[in-house]
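Taking it in order: structure first as C-alpha cells, then the write-up.
Residue numbers (my numbering), protein chains in the order written: chain A, -3 to 227; chain B, 65 to 408.
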C-alpha cells in the first residue's frame, strides 16, 4: 500500500504538469461549483446572520438552535431532498436540472448557508460590547453600527467562509446524488476518487486526493493572507 | 505599503458599487449556468443513460460511446450506478434510456400492468450482450469447490461451509443486478441468506457497495483470514483481478447450464409516460448497439487482453434462452439501417 501512495504523488505531479484535460476538467468543475455556491450562500447568509447577531428579539434562541442544527445537516440527506425536488416527477422536474452542475450548486448553496450564517452571527455577537456602545454614543444609526461590527469581525467571517468552502469542496454524498458523476460534466474530485477506488485504480485515486489537498491549501493560504491583510 | 493606499481609498469610495458588482457577477454567472443546464436538458442531441457499474467501470462505454457520437452527433451522459438504482432513475423519468442486467426486473419494466395507469415505463427491451458470473474466493478454497460442479452442488457446498464457519460470503446487498442474481442462486437450494445468517456478518456480510469495492473487501478478508468469497461478473473480475493475487475463480458456468449467465438489456423510457425523453435519439442509440457494427465493437472490446462481453442481439434465444428474440429483431431492425455500412 505505501507504494501506491508514492505512486499516487508522482502521478499527481505528472497529471498536473502534462495538463491532463480530464484532471483539469475535474478541477474546473469542483472549484466552479464549490466557489459559486459558497459565494452565493455568503451573499444571502452574511446579511441575515449578522442581522440576527446584531438585534435582540423574541425567538432568537430558537432561531439560533435551528441554525446550529442545520450547520450539521447531513449532506447526503440534502442530496436526496434536492433529487426529489428536481426529479422529473417532483415539483421542479420540468426544469430538467437534475444531473447538472446547477443541481450541485443548489445543494451546496443550501449546505453552506447555515454555516456562514451561524459564524457571521457568532462573530457579530462576540464583538466587545464597549465598542458597540462607543459607536452608538458617537451618533451612529443601526446601519452604520452594523457596518462597523462587520468590519471588526472580518476575520471570523472569512473563517466561516473558509469552513463552508472546505465543506463544499470535500463533500461527496450530495454531489454524487444530484450531479451523477458524469464524465466531463459533473465529475468532481471527490466523486472521481470514489469511482477510481471502485475501479481499483488506487494510484489515480491518491493522485486526485493529492491534487485536491494541494489546491485547497493554496486557496486557503491566499484567503488567510487576505484575512491577515484586512487588519 | 503606500502603493496599497489608493486601492484602499478606491474601495472606500466605491463600497456600494463594488458590493453591487460582486452580486451581479456571482448572480450573473449562476444564472448563466442555470440557463445553460436548462438548455442542455432540452437539447435532443444530448441523452442520459443510466447503467450498471459493470459496463461503465470496465471501460466498455468509454470505448463504445465516442463511436456512436462520431456517427450521429448525439452525446450521451452516463450515470454509472447499480441496476436497482438505474431502474429507479428510469421509473422517475430522470434518464432517457437504461442498460441493465436483471432480466426479471427488466420484464417488469416493460410490463404495462406494472406501469403507471396501464402505461409501462419502457416500451421495448432489446438484448445487447452477455457475460457470466463467477464465484471467487481465497486460493486455499475452504468451501472445497471443484471445477465442473453444477450450480446446485456449488451453492450447497457454500451453504455448508458458511454454516460451519469456514468462510464468509460477501454480498453486494444493494439491490443491484449482481445482488438479485446472487439471491436467485441461493433460492435454487431454498436458502434465504438474509434470514438464515441474519446479523452474522462473519458468515454472510452485506457490503452495500459496488462490485469493485465488494471485491476489495473480499480480498482483504481473504488476505487476513482466507475466508472471503463473493460472486462477481466476469467483466469486472477481468478488469481487476491482477491486483488481487490470492483470489481465484472457484466456480463458473458449465456447459448446459445458464444460471450463471448474465444478459444485459437496453430499454428506452416510454415517451408516453414522460414526454420530455428524447425518444428519437434513444432509438438511434439502441439501433447502434444492436446493429452488426455495434455488436462487432462489443465483441472486439478487450481489457487486459481478455474478452469482457459477448454480443448476442438476435442470438439471445440460443445463448441465454431468451424468448423474445424474434420480436426484438423486428422492432429494432429499422433503427439499425443507418449503421449498416460501418465496420470495426
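For every residue, glycine included, the Cβ atom is placed at its ideal position computed from N, Cα and C.
Relative to the Cα of residue 206 of chain B, the nearest Cα in the group B/315, B/395, B/393 belongs to B/315. Between residue 202 of chain B and chain A, the shortest Cβ-Cβ separation is not below 9 Å. Look at residue 382 of chain B here: in three-state DSSP terms it is helix. Within the stretch 139 to 221 of chain B, the runs of beta strand (DSSP E) at least 3 residues long that lie entirely inside it are, in chain order, 139 to 145, 161 to 164, 190 to 202. Here residue 315 of chain B is bridged, per DSSP, to B/199.
Secondary structure note for residue 233 of chain B: its beta strand (DSSP E) is the uninterrupted segment 232 to 235.
If you look at residue 85 of chain B, you'll find it isn't in any beta strand (DSSP E); it sits in the alpha helix (DSSP H) that goes 79 to 106. Closer than 9 Å to the CB of residue 101 of chain B there is at least one CB belonging to chain A. In this structure, B/198 is the residue among B/263, B/198, B/255, B/278 with its C-alpha nearest to the C-alpha of residue 323 of chain B.
Annotated as proximal: residue 145 of chain B and residue 116 of chain B, with beta-carbon spacing under 9 Å. The beta carbon of residue 131 of chain A sits closer than 6 Å to those of 141, 144, all from its chain and outside the five residues before and after it, given in chain order.
By the criterion of at least three beta-carbon pairs nearer than 8 Å, the stretch 103 to 111 of chain A is in contact with the stretch 29 to 39 of chain A. Residues 242, 243, 278 of the same chain have their beta carbon placed closer than 6 Å to that of residue 236 of chain B, with the five preceding and five following residues left out of the count. Nearest C-alpha to residue 267 of chain B among B/252, B/276, B/226: B/226. Note that the stretch 155 to 168 of chain B touches the stretch 109 to 126 of chain B; at least 3 beta-carbon pairs, one per stretch, sit closer than 8 Å. Between the alpha carbons of residue 215 of chain A and residue 224 of chain A lies a gap of roughly 14 Å. Residues of chain B whose Cβ lies closer than 8 Å to the Cβ of residue 177 of chain A are, in chain order, 143, 144.
Close to chain B, meaning a Cβ-Cβ distance shorter than 7 Å, are the following residues of the stretch 74 to 95 of chain A: 83, 84, 85, 91, 92, 93, 94, 95. Beta-bridge annotation (DSSP): residue 329 of chain B is paired with B/164, B/191. The three-state reading of DSSP puts residue 297 of chain B in strand, counting E and B together. Distance from the CA atom of residue 336 of chain B to the CA atom of residue 183 of chain B, rounded to whole angstroms, is 8 Å. Here residue 202 of chain A is actually not in contact with residue 97 of chain B; their C-beta atoms are around 31 Å apart, not less than 8 Å. Put simply, the backbone Cα of residue 334 of chain B is about 8 Å away from that of residue 341 of chain B. In terms of beta-carbon proximity, residue 98 of chain A lines the interface with chain B, with at least one pair separated by less than 9 Å. For residue 101 of chain A, a Cβ of chain B is located within less than 9 Å of the residue's own Cβ. Contact annotation for residue 313 of chain B against chain A: no contact, minimum CB-CB distance about 17 Å [criterion: below 7 Å]. One thing to note: residue 74 of chain A has its Cβ within 9 Å of the Cβ of residue 170 of chain A. An exposed status is given to residue 75 of chain B, since fewer than 16 other beta-carbon atoms sit within 10 Å of its beta-carbon. Under the 8 Å Cβ criterion, the stretch 66 to 85 of chain A does not count as touching the stretch 18 to 35 of chain A, having fewer than three qualifying pairs. For the stretch 187 to 221 of chain A, the residues whose beta carbon sits under 8 Å from a beta carbon of chain B are, in order, 191, 193, 194, 195, 196. Rounded to the nearest whole angstrom, the CA to CA distance from residue 240 of chain B to residue 148 of chain B is 5 Å. Taking a Cβ-Cβ cut-off of 9 Å, the neighbours of residue 32 of chain A in chain B comprise 90, 93, 94, 97, given in sequence order. Secondary structure at residue 113 of chain B: strand, using DSSP grouped into helix, strand and coil. Along the stretch 321 to 355 of chain B, the positions whose C-beta sits under 8 Å from a C-beta of chain A are 338, 340, read in chain order.
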